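Written out below as structure tokens is the structure these notes cover.
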Amino acid sequence: MENERGLRYFPIALFASVMGLAGTTFAVQQYELMYDLMPVISVVLFTLTILIFIIIFSIFLYRVIKYPNDIKAELNHPVKMNFFGAISISLLMIGLIFYDVSETISFITWALGAIIQLILTLFLLTGLMWKQSLKIEQFNPVWFIPIVGNIVVPLAGVYHVGLEINIFYFSLGIIFSIIYFTLFMNRMFFKGPLPDMLRPTVFILLAPPAIGFMSYVKIFGQASAFAFILYGLAFYLGLLFLYQIKHYLQVPFFVSWWAMLFPTAAMTNATFVMYELTGLFYLKWLIHLQILGLFILAIYLIVRTIGLNKNKQLCVKE
48 MENERGLRYF PIALFASVMG LAGTTFAVQQ YELMYDLMPV ISVVLFTLTI
98 LIFIIIFSIF LYRVIKYPND IKAELNHPVK MNFFGAISIS LLMIGLIFYD
148 VSETISFITW ALGAIIQLIL TLFLLTGLMW KQSLKIEQFN PVWFIPIVGN
198 IVVPLAGVYH VGLEINIFYF SLGIIFSIIY FTLFMNRMFF KGPLPDMLRP
248 TVFILLAPPA IGFMSYVKIF GQASAFAFIL YGLAFYLGLL FLYQIKHYLQ
298 VPFFVSWWAM LFPTAAMTNA TFVMYELTGL FYLKWLIHLQ ILGLFILAIY
348 LIVRTIGLNK NKQLCVKE
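In terms of this note's numbering, the sequence shown is residues 48 to 365.
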């Protein structure tokens, strides 16, 4: 019997595509600025990111109005509930890439993202503490998404609000990232590998140290030993995941593969910041490789997602 299909079952996980494309757009903006290039590719990516966000957000609003019980069920699902954090992060990243275009739009989208981010963090952590009985086997990298969003806030927040608000979000994100990282290592070491669908989400672990490094530098205007530790951890995790790449390539393509793009873009953007701080020549060459990798990954994800839709496997009831 063929599974039910339709916009009712549109995966909220696709908001991760907006996060990833926005991060890629920002990386290309930095690359074009570094070499004084015409902003052609970044404008194309910027337009694509905004267009995809409008489409996905419109479908999400349709589902909220038409199928509110489905949304409530997702908010109580141990995996799907965390993808709601991708909505706030998408708004925060759009606020970042919009800053040079319109400070007003940048502020509005950033402020919406920051408010939603705080509400989600309060709601989800309360749910985890009081409303659900979870097993350690259910813990997976997707749980990092709502927490990572707090570290994203200062990226554009430094242009719009005072130091105290940015430090508030930064401290919240960093501390809980350490807690979640510890829980995840426990889960991986003692409970075995993740299910195939969730394996690509391991790349999410790149985001907290990479974005944490950038946010720290933006907030304080300099890099301390702690900031360099964050970059070093992010760099090592990137190497670790590349070394393990066969474990990810062996699994079929799922929407969850989009979880790879945003952390990869975050690592690339962190390298830009590190190069600006140190001027080390090999970091400049590393940026070339990372930008190339971002393009290959983004194109692959777009093509495979179109393929899912073409094969009627995208909006399917589980």
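Note that the Cβ used here is the ideal one computed from N, Cα and C, for glycine as well.
Every value quoted in this text rests on a predicted model; they were computed, and no experiment measured them.
DSSP beta-bridge partners of Arg234: Looking at the DSSP assignment, Arg234 forms no beta bridge with any residue, so it has no partner.
Cβ separation of Leu341 and Ala312, assumed to be a contact under 8 Å, to the nearest whole Å: 6 Å
Stretch pair the stretch 212 to 223 + the stretch 322 to 331: three plus CB contacts closer than 8 Å: no
Own chain, CB closer than 8 Å to Gly354, minus 5 neighbours either side, in chain order: Phe300
Counted within 10 angstroms of its Cβ, other Cβ atoms place Asn233 as buried (16 or more) or exposed: exposed
DSSP-derived helix/strand/coil call for Val298: coil
Among Ser89, Phe319, Met128, nearest to Phe145 - alpha-carbon criterion: Ser89
Inter-residue Cα distance where the pair is Thr94 and Glu79: 16 Å
Whole-angstrom C-beta distance between Ile212 and Gly204, which should lie under 8 Å: 7 Å
Terminal residues of the alpha helix (DSSP H) in which Gln77 lies: 62 to 81
DSSP-derived helix/strand/coil call for Met48: Bear in mind that the predicted position of Met48 carries a pLDDT of just 38, short of 50, making it unreliable; the figure below should be weighed with that in mind. Residue state, collapsed to three classes: coil.
Delimiting residues of the alpha helix (DSSP H) encompassing Val208: Per DSSP, Val208 belongs to no alpha helix (DSSP H) and is neither H nor E.
Environment of Leu253 [buried if 16+ CB atoms lie within 10 Å]: buried
Distance CB(Leu169)-CB(Gly132) smaller than 8 Å: no
Per DSSP, cross-strand counterpart(s) of Val363: Arg52
CB-CB length for Met314 against Gly285, believed under 8 Å: 5 Å
Sufficient close CB pairs (3 or more, under 8 Å) joining the stretch 72 to 86 to the stretch 153 to 166: no
Distance, Glu51 Cα to Ile136 Cα: 30 Å
Proximity below 8 Å, CB of Ser262 to CB of Pro201: yes
Backbone CA spacing between Phe62 and Arg110 [nearest angstrom]: 14 Å
Pairwise C-alpha distance: Gly174 and Val357: This sequence places Lys at residue 357; Val is not what is there. Whole-angstrom Cα-Cα distance: 37 Å.
Cα-Cα separation between Lys119 and Phe57, rounded to whole angstroms: 15 Å
Length of the line joining the Cα atoms of Val249 and Ile198: 18 Å
Supposed close pair Arg351, His294 - CB separation, criterion 8 Å: Actually they are not in contact, since the Cβ atoms of Arg351 and His294 sit about 18 Å apart, beyond 8 Å.
The alpha helix (DSSP H) enclosing Pro256, as first and last residue numbers: 254 to 267
Chain-order list of residues whose beta-carbon lies under 7 Å from that of Phe100 (same chain, five-residue window excluded): Val65, Ser137, Ile141
Check whether Ala281 and Ala257 have beta carbons under 8 Å apart: yes
Beta-carbon proximity check, Ile192 vs Glu121, cutoff 8 Å: no
From Ala161, Lys265, Ile106, residue whose alpha carbon lies closest to that of Cys362: Ile106
CA nearest to the CA of Glu323, picked from Gly53, Gly209, Met81, Gly67: Met81
Reduced DSSP secondary structure (H/G/I, E/B, other) of Val249: helix
Distance cut-off 7 Å: Thr229 Cβ against heavy atoms of the ligand FMN: The ligand content of the structure shown is nil, which means the ligand FMN is not present either.
Nonlocal neighbours in the same chain, by C-beta distance under 7 Å from Lys359, ignoring five residues either side: Arg52
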